[in-house]
Every structure is written in structure tokens, then in C-alpha cells.
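Beneath this line is the structure, given in C-alpha cells, with notes to follow.
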Amino acid sequence: MNILDRYQKPTPRFFRILRSVGIGLASGGAALLAAPVTLPAFVLSLAGYAVVAGSVATAVSQAVVADKLPEPEQHVDEH
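The numbering of the sequence shown is the working numbering, which starts it at 4 and goes up by one.
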């Protein structure tokens, strides 16, 4: 499966939620980094980490696909 096929397949529900949270985290961190006011250094550090974590979570969540597992064979006892 190549990357284009992977991105076109459906994403499981959990990873869609995680992708949305990651986008929000990255956006919030970017907003803090771009704020026109002076913020404490630890806030800027946390914002930088939030951008990275959100970006990684979003990218990984987008690449996960829902594979259907083969159904188990049903055994019928013939007595």
C-alpha cells in the first residue's frame, strides 16, 4: 500500500478525534508563539512543544487506516 492509497482510505473514529485534538493543539501553540505580547519563557517553550506534539499527532492520525480483519471461520460440529 503506497502513501496515496493510505490517505484515501477511511480513518477510524478514534484517530479522527485525535487528529482534531492535534490540530487544535498545534493551532493554540502557534497562536501563543505569534502573540504580539511578551510572554514568559516557559509559556513560549510549552507553546513550541504543543505545536510539535499537535503536528505529529495530526500527521500520524491521518496516516492510520481502518483495515477490516478477516472474519474467523465458523466451525460446525457434526455429531
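We put the CB at the ideal spot given by N, CA and C, even for glycine.
Host alpha helix (DSSP H) of residue i (start-end)
i   : result
T61 : 44-66
Q8  : Per the sequence presented here, residue 8 reads as Asp, with Gln not at that position. Residues 6-11.
A34 : 16-36
Check: Do the segment 50-57 and the segment 23-34 make contact, defined as three or more Cβ pairs closer than 8 Å?
Finding: Flag = yes, the segment 50-57 and the segment 23-34 touch.
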